[in-house]
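The opening position of the sequence shown corresponds to residue 749 in my numbering, with each subsequent residue numbered one higher. These notes concern the structure reproduced below.
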Amino acid sequence: MIVKDTLADPRFRELAEGSDGAMRFLTSVAILEERGRSVGFLAVLDGEPRQDCRGCVDALSLAAEQIGVMHELTKQGDRAIASEHWLRSIIDVIPQPIFWQDLDGRFLGANRAFRRDVRRSNVVGLVDTDIPARASIAESLADSRARVIDSRKPMLNVVEERLDAEGAQVWLSISKVPLLNQHGQAGGMLGTYADISDLKRTEKALRDSEERFRNAVLAAPTSMLITDQSGVILLVNNQAERLFGYMRDELLGKSIEMLVPQRARSEHVGLRAEFFRDPVTRQMGAGRDVYAIRKDGTEFPVEVGLSLIDTGAGPAVLAAITDITLRRQAQEHVEAALKEKTLLLDEIHHRVKNNLQVISSLLSLQADSSRDEVVKAALTESRNRIAAMALTHELLYERKEHSRVNLGEYLRRLVENVFRSSMPDTAVPRIVIDAALPEAHLELQRAIPCGLLVNELLSNALQHAFPCNRDGRIHIRLEVESGRPRRLLIADDGVGLPPNIALGKSPSLGLQIVPLLADQARLAIVLQEGEGTAYRIDFMCPISGENR
């Protein structure tokens, strides 16, 4: 009887509920005497529901059969026979094959597992040559039996390789012991064996895998070493021999620290211990200059990749070592070339700035010596434009940045230059500039036209927004988003522009070139309505990725 879940079976529900959950699965068989009368039952219980267990039923049936026979013999009073039968029953249910033979090799008995293995229902009285499965190896079986009987010593767990009845390769772990009487004389032999083919195949697959791994490491184009936790070298590949100048036998069994310069060995021990505390694949000495030493004492820079592996005897580390001497030399060459180009750019910006300042000074002198106010104003405007360009190169030279400028600082110094050149020296200026110019970076190719544009708008406001010595205020605001300029506002509270004046169409040269400068700097400029004059300048393109 098999009951998968007693709580779901009405015949057993009450019994199962009262068993504290110990009986959810039930398998039972009847114990019968020879005449078929039931004398009890044998059962297996489990606290969890289970599926069909036909193997359990077979085992219980065999055990119940033997118990029934013993019960019958015990009732008849033949306890000696019952005891022998009990012993035979125990041997018979052992899943490992067991057999016993006399001195001549005749079978005196065998358990069910052996009889099933040799495909015979009864082997008593037979010899090995009578059984096809053992006939081909009968001679070797006789030799081992003779050694055990003659020596009266057991032969335990001897592994033998054979072919089974189908010709397949199998491995058996064989044990044989002599059967001795009370006088210590051998009267036969008892043997047992276990099929360990799966284990041997697994071991062989593991050995093959280890051999493939070993061969792969040995033949790898990168220098590789394997060390244990204490730093002892377990494996060295061909490239490592070439790299360090040692033969393999000179390194195996030695400490890995022999390949580390003397000054770094104590630190290397600590790094190795740190790796085994947190064995994650990594670059050794990340952020440090790592050096190795050859047999001839020469040092060279290396890059080392570490990986944890299991050797079967404990954790070990696989180190892949790369000589980066050529890479380091190439890097130093690039750095030297970059430094040289940086110095050259610095010198170029410095000289351009100086030349522009010379031109600006000449224009300033020419303006001072001119008696024509129109000419003087034109020379001053030209000087301011050149000064705006010179200021860009000055900032690049000062900050050592050759691709962008700090727009806030650039405009702040530009406003000071324009105000100083346009306004007369007075104790109290009649025009006040209110500037809020936070830090924001702009590409060099956009910074110069942007500075020229601001120069034109500011110069125009200082010259025309406040006639007749009128007081006033000019507001300059730079709006920044994520470190980038987003919008620039320039407004004054002066008299405003004359009617019908538009950017690009004014008789003033400055207002004529403003749209051109805005287009060159990728800016959108809008003249806002209201009192005075106000310009809104939007930076249309993001800073990153700008190639214009």
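Idealized CB from N, CA, C, for every residue including glycine.
Nonlocal neighbours in the same chain, by C-beta distance under 7 Å from PRO1197, ignoring five residues either side = Against the sequence shown, residue 1197 aligns to sequence position 449. Exclusion of the five residues before and after PRO1197 leaves LEU1265, GLN1268 and ALA1269 as the residues of its chain whose Cβ lies within less than 7 Å of its Cβ.
Assumed close pair MET903, ARG895 - CB separation to whole angstroms, cut-off 8 Å = For the purposes of this step, residue 903 is taken as the residue at position 155 of the sequence shown. For the purposes of this step, residue 895 is taken as the residue at position 147 of the sequence shown. Right, their Cβ atoms sit about 7 Å apart.
Would you check if there are 3 or more beta carbon pairs closer than 8 Å linking the region 935–943 to the region 960–970?
-> Three or more beta-carbon pairs separated by less than 8 Å are not found between the region 935–943 and the region 960–970, which leaves the two stretches without contact.
Coil, strand or helix - SER1117 by DSSP | In the sequence shown, counting from the first residue as 1, residue 1117 sits at position 369. Secondary structure at SER1117: helix, using DSSP grouped into helix, strand and coil.
For ARG1189, the three-state DSSP class (helix, strand or coil) = Your numbering for residue 1189 matches position 441 in the sequence shown. Checking the sequence shown, residue 1189 turns out to be His, not Arg. The answer is strand: DSSP assigns HIS1189 an E or B state.
Are the region 1237–1244 and the region 1207–1222 touching, with three or more C-beta to C-beta distances below 8 Å?
-> With contact defined as three or more Cβ pairs closer than 8 Å, the region 1237–1244 and the region 1207–1222 are in contact.
Residues near ALA1282 by beta carbon distance below 6 Å, same chain, minus five either side = By one-based count along the sequence shown, residue 1282 stands at place 534. For ALA1282, where only same-chain residues beyond five positions count, the Cβ hits under 6 Å are ALA1239 and GLN1276.
Alpha carbon to alpha carbon, how far is LEU982 from PHE1048? Give it in angstroms, no decimals.
-> The residue labelled residue 1048 in the question sits at position 300 within the sequence shown. The residue labelled residue 982 in the question sits at position 234 within the sequence shown. Spanning the alpha carbons of PHE1048 and LEU982 requires a straight line of approximately 23 Å.
Following the continuous alpha helix (DSSP H) through ASN1217, name the residue where it begins and the one where it ends.
-> Counted from its first residue, the sequence shown places residue 1217 at position 469. Segment: none, ASN1217 is in no alpha helix (DSSP H) and carries neither H nor E.
Distance between GLN1079 and SER1117 (C-alpha atoms, nearest Å) = Indexing the sequence shown from 1 puts residue 1117 at position 369. Indexing the sequence shown from 1 puts residue 1079 at position 331. For SER1117 and GLN1079, the distance between alpha carbons rounds to 57 Å.
Counted within 10 angstroms of its Cβ, other Cβ atoms place HIS1141 as buried (16 or more) or exposed = Looking up residue 1141 in the sequence shown gives position 393. Answer is buried; the Cβ neighbour count reaches 16.
Extent of the continuous alpha helix (DSSP H) to which SER1321 belongs = Any answer about residue 1321 is impossible in this case: the structure gives the chain only from 749 up to 1296.
In the DSSP assignment, find the beta strand (DSSP E) that holds SER971 and state where it starts and stops.
-> Looking up residue 971 in the sequence shown gives position 223. Start and end: 971–976.
Report the option in THR1070, LEU1162 and GLU1015 whose CA atom is closest to the CA atom of ASN1132.
-> In the sequence shown, residue 1132 corresponds to position 384, counting from 1. It is LEU1162 whose Cα lies nearest to the Cα of ASN1132.
Classify GLU1129 as helix, strand or coil using the three-state DSSP reduction.
-> Along the sequence shown, read from residue 1 onward, the residue named residue 1129 stands at position 381. It is helical.
Determine, using beta carbons only, whether ARG1235 and ASP1286 come nearer to each other than 8 Å.
-> Counted from its first residue, the sequence shown places residue 1235 at position 487. Counted from its first residue, the sequence shown places residue 1286 at position 538. For ARG1235 and ASP1286, yes; Cβs fall inside 8 Å.
DSSP bridge partner residues for ASP1286 (one or two, in chain order) = Mapped onto the sequence shown, residue 1286 falls at position 538. Beta-bridge analysis with DSSP links ASP1286 to ARG1235 and ALA1272.
Taking THR1073 and GLU1051 to be in contact with their CB atoms under 8 Å, please state how far apart those CB atoms are, rounded to whole angstroms.
-> Along the sequence shown, one-based indexing puts residue 1073 at 325. Along the sequence shown, one-based indexing puts residue 1051 at 303. Contact check for THR1073 and GLU1051: beta-carbon distance about 11 Å, past the 8 Å limit, so the pair fails to qualify.
Three CB pairs or more closer than 8 Å across the region 1004–1011 and the region 1097–1115 = These segments do not touch.
Pick from GLN917, ASN870, ARG1232 and ILE1224: whose alpha carbon is nearest that of ASP860?
-> For the purposes of this step, residue 860 is taken as the residue at position 112 of the sequence shown. What sits at residue 860 in the sequence shown is Arg, not Asp. Relative to the Cα of ARG860, the nearest Cα in the group GLN917, ASN870, ARG1232 and ILE1224 belongs to ASN870.
Same chain, Cβ closer than 6 Å to VAL875, five either side skipped, listed in chain order = By 1-based counting over the sequence shown, the position of residue 875 is 127. The residues are GLY853 and ARG854.
Opening and closing residue of the beta strand (DSSP E) in which ARG910 lies = For the purposes of this step, residue 910 is taken as residue 162 along the sequence shown, with counting starting at 1. Bounds of the beta strand (DSSP E) holding ARG910 are 903–911.
Output the distance between the C-alpha atoms of GLY1280 and ARG1168, rounded to the nearest integer angstrom.
-> Reading the sequence shown from its first residue, position 532 is the one you call residue 1280. Reading the sequence shown from its first residue, position 420 is the one you call residue 1168. When rounded, the distance between both Cα atoms is 22 Å.
Buried versus exposed call for ALA883 [16 or more other C-beta atoms within 10 Å across all chains shown] | Residue mapping note: residue 883 aligns to position 135 of the sequence shown, counting from 1. By the neighbour-count criterion, in which a residue is buried when 16 or more other Cβ atoms sit within 10 angstroms of its Cβ, ALA883 is exposed.
Counting only runs of 3+ residues fully inside the region 1030–1083, write out the beta strand (DSSP E) ranges in chain order.
-> Residue ranges of uninterrupted beta strand (DSSP E) with 3 or more members, entirely inside the region 1030–1083 and ordered along the chain, are 1039–1041, 1047–1058 and 1063–1071.
From ALA1037 to ARG1076, what does the alpha carbon distance come to, in whole angstroms?
-> Indexing the sequence shown from 1 puts residue 1037 at position 289. Indexing the sequence shown from 1 puts residue 1076 at position 328. One detail in the question is off: residue 1037 reads as Asp in this sequence, not Ala. Taking the straight line from one Cα to the other gives about 11 Å.
Going by DSSP, what residues sit across from TYR941 in a beta bridge?
-> The residue given as residue 941 occupies position 193 in the sequence shown. Answer is ILE922.
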